[in-house]
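Residue numbers for the sequence shown follow numbering that gives the first Met the number 0, beginning at 0 and rising by one. The C-beta atom is built at its ideal place from N, Cα and C for all residues, glycine as well. Just so you know, these numbers come straight off a predicted model, no measurement behind them.
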Amino acid sequence: MDDKQGYRTIMADDSKNKGMRKGLTSYGDADFSLFLRKAFIKAMGYSDDALDRPIIGIANTFSGYNACHRTVPELIEAIKRGVMLAGGLPIEFPTISIHESFAYPTSMFTRNLMSMDTEEMVKGQPMDAVVLIGGCDKTVPAQLMAAASANVPAVQVVTGPMMTGSHRGERLGACTDCRRYWGMFRAGEIDEAETEEVSGRLAPTAGTCMVMGTASTMACMTEAMGMMLPGGAAIPAVASDRLRHAEASGARAVAIAAEGLTPDKIMTPEAFANAFRILLAIGGSTNGLVHMTAVAGRCGIKVDLEALDRMGQETPVLVDLKPSGQHYMEDLEKAGGMTTVMRELRHLLNLDCLTVSGRTLGENLDAGATPWPQEVVRPMNNPIFPSGGIAVLRGNLAPGGAIIKQSAASAELMSHTGRAVVFESLEDLANRIDDPDLDVAADDVLVLKNSGPKGAPGMPESGYIPIPRKLAEKGVKDMLRMSDARMSGTAFGAIVLHITPESADGGPLGLVENGDRIMLDVPGRRLELLVDDVELARRRGNYTPPPAHEGAERGYLKLYLDTVNQADEGVDFDFLAKCPDGRVTP
Ligand code: FES
């Protein structure tokens, strides 16, 4: 474009809301805003020719604290190559990056902050499409939430899973084996020196946890929902295919900018249903449900938990990955990745859903490679687990619902009544769980309060309550445990999670006392506190809420506590969710 004649005509022509002309800063003179913007962006060394191209933003989530995103710089280079080969101008920009182990009090506490940051950077800076690079557990949910709210054409790329490591001849990886080895240490089966040795082998390469934890689950659900190019979920972080996928995503971003393929055209109730179907079939992390509920909420779509449970009853677990099965993500990739999984489930998927590839899900599957013999994705007639990995529970203890990942739990505890052993908070749990005098037996029910969205705060992954040391030392591997917390997707156990409403928000969980009887009936989908209504009313009358969190009077913590909603709404901030428009999924 010729700048001199351009400034006076530009705001009147069709391209006024494209490229550098998009979202001009308000000075009351749009031509001056464009003039000023060009002056500053030229300090980056761009030519007029470059600045007249479609602009593709690239969300750079590299952080020295985020090992799961170690490869982001090389992914950016590959994405840029794809953008430029397709005739666009790539411009990277930083956003918050969150790693599970470097986020206090929890990574979930900052997920919504990252979604706000990403949304505003995508909306506030001139870009015709954006490539979002996520990976670690909370980053992909935050980016999808942002994409839904910004509704700018977007392609999701993930960093990809780590390769497995090896310890004394045994294959292992983060973080199912982290928990297994820690359990062995607690039970006195390995010493401290071996624990140190193992810690150097659990995360042997860059990338995300290589079991079917939350990162892998979100990657698989995102591909199934159509926001990622086919094949992108399972390619290892260090594979050259990962870079080719990134290059293709960059090129595709240029195309979706021209096509105006915005996320609202992809993220439909039917597409969310596909994502939930995959969550169930892969034995995915329970966190996938919370995160996708938040993404759906950003689209004005409500998630019907009872419908999800019905879907679970007709969806077997097909993917044999830890923690529900045996294999790791690199094995799933060798077995054909999500194409193999979705092909097996084809008759249960909404094949007409449009994807970011520009084709429907069915067309993507038709274009996939011819299947080959493999042992990671089971056929429908020989599943790992006969019905969906996640069951939705209701009862007087969880009027707003609770969930259990039955595919990663001891079958004999799925119908169980036991005596409650109550911990009032995470601190109380840490102080007493290994007390030799703790009154606890293997058939008791461990109950943790005040670990929900507001109670902890940040709904930590503390639902994986450790087996009391004195029982672990006797060989107890699993017990019925329950809380309003979340659980890592890499964990195993008979663990009821996301009890809603949470105890710190007036939920009945806050009324449970030591010695109460609690009944779990997974086949009947019930979770009941066996205490009569008169006694519960008495306890409610005497209830004292937990003390206020330190620092709750200001800052992000105040915003969080004032506005965070419950697990059944995705633990989003109420003002970020879009008004429900009557659409429901699945
Ligand atoms: Fe990042 Fe597991 S810690 S994916």
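Reference F184; option with closest CA among A141, G474, V82 and A368: Checked all of A141, G474, V82 and A368; the closest Cα to F184 is G474.
Local Cβ density within 10 Å of Q565, reported as buried at 16 or more and exposed below that: Taking every protein chain shown into account, the CB of Q565 has 16 or more other CB atoms within 10 angstroms, so this residue is buried.
Supposed close pair N59, I40 - CB separation, criterion 8 Å: Contact between N59 and I40 fails: their C-beta atoms lie close to 17 Å from each other, not under 8 Å.
Environment of P229 [buried if 16+ CB atoms lie within 10 Å]: By the C-beta density criterion, P229 is buried, having at least 16 other C-beta atoms within 10 angstroms.
Cβ-heavy atom distance, H98 to ligand 1, below 7 Å: Yes.
Paired residues, beta bridge with I402 - DSSP: When beta bridges are read from the DSSP output, I402 appears opposite V391 and L496.
V154 - DSSP class collapsed to helix/strand/coil: For V154, the secondary structure class from DSSP, reduced to helix, strand or coil, is strand.
Every unbroken beta strand (DSSP E) inside the segment 54-109 [3 residues or more]: Those beta strand (DSSP E) runs which fall completely within the segment 54-109 and span 3+ residues are 54-59 and 88-93.
Simplified DSSP state of K301, which is helix, strand or coil: In the structure shown, K301 sits in a strand (DSSP, three-state: E or B).
Residue environment, V253, which counts as buried when at least 16 other CB atoms sit within 10 Å: Buried is the label assigned to V253, since at least 16 other Cβ atoms lie within 10 Å of its Cβ.
For M379, three-class secondary structure by DSSP: Looking at M379 - three-state DSSP - the assignment turns out to be coil, as it is neither helix nor strand.
T109 CB to nearest heavy atom of ligand 1 below 7 Å: Result no, Cβ not under 7 Å from ligand 1.
Three-state secondary structure assigned by DSSP to I255: Of the three classes helix, strand and coil, the one that applies to I255 here is helix, per DSSP.
Cβ-based burial, E329 [other Cβ within 10 Å; buried from 16]: E329 comes out buried.
heavy atom of ligand 1 below 7 Å from G212 C-beta: The nearest non-hydrogen atom of ligand 1 is less than 7 Å from the C-beta of G212.
Expected contact under 8 Å - CB spacing of G134 and V157 to nearest Å: Distance from G134 to V157 at the Cβ level is roughly 5 Å; contact confirmed, criterion being Cβ atoms closer than 8 Å.
Distance between beta carbons of G462 and G387, contact taken as under 8 Å: In fact, because the Cβ distance is near 19 Å, the residues do not count as touching under 8 Å.
Assigned secondary structure, H166 (DSSP; H/G/I helix, E/B strand, else coil): When DSSP states are grouped into helix, strand and coil, H166 belongs to the strand group.
Simplified DSSP assignment, three categories, for D504: Correct three-state label for D504: helix.
Residue-level contact to chain B via CB, M226, 8 Å cutoff: Checking the listed chains, one finds no chain B in this structure; it contains a single protein chain.
Beta-carbon proximity list for D573, same chain, < 6 Å, skipping 5 on both sides: Answer for D573: T562 and N564, listed in chain order.
Local Cβ density within 10 Å of P452, reported as buried at 16 or more and exposed below that: Buried, since its Cβ has 16 or more Cβ neighbours within 10 Å.
Host alpha helix (DSSP H) of L535 (start-end): Looking at the DSSP string, the run of the alpha helix (DSSP H) that includes L535 is D532 to N541.
Beta-carbon proximity list for A256, same chain, < 6 Å, skipping 5 on both sides: The beta carbon of A256 is closer than 6 Å to those of P53, D127, A128 and P152 in its chain, skipping five residues each way along the sequence.
Stretch pair the segment 234-253 + the segment 178-198: three plus CB contacts closer than 8 Å: Touching, no, given that fewer than three Cβ pairs across the two stretches are closer than 8 Å.
A233: CB within 7 Å of a non-hydrogen atom of ligand 1: A233 has its Cβ no nearer than 7 Å to any heavy atom of ligand 1.
Contacting residues, own chain, Cβ-Cβ under 7 Å from R418 (five flanking each side not counted): Excluding its 5 nearest sequence neighbours in each direction, R418 has C-beta neighbours in its own chain below 7 Å: D443, V444, G514 and R516, listed in chain order.
CB contact flag (V121, A141, <8 Å): No, the Cβ-Cβ distance between V121 and A141 is not below 8 Å.
L528 and V511 closer than 8 Å at C-beta: Yes, the pair counts as a contact, with Cβ atoms nearer than the cut-off.
Per-residue burial, P322 [other beta carbons within 10 Å of its own, 16 or more giving buried]: Buried is the call here.
Sequence-distant residues of the same chain with beta carbon closer than 8 Å to I466, five excluded per side: When the five nearest sequence neighbours on each side are left out, the beta carbons in the same chain lying within less than 8 Å of the beta carbon of I466 are those of G182, R185, V475, K476, D477 and M478, in order along the chain.
For A77, the nearest candidate out of P93, G249 and K557 (CA to CA): Looking at the Cα atoms, G249 is the closest of the given residues.
Cα-Cα separation, G357 to F275: Going by the C-alpha atoms only, they are around 22 Å apart.
Residue range of the alpha helix (DSSP H) that includes I40: First-last of the alpha helix (DSSP H) with I40: A29 to I40.
For M266, the first and last residue of its enclosing beta strand (DSSP E): Run containing M266: none; DSSP gives neither H nor E here.
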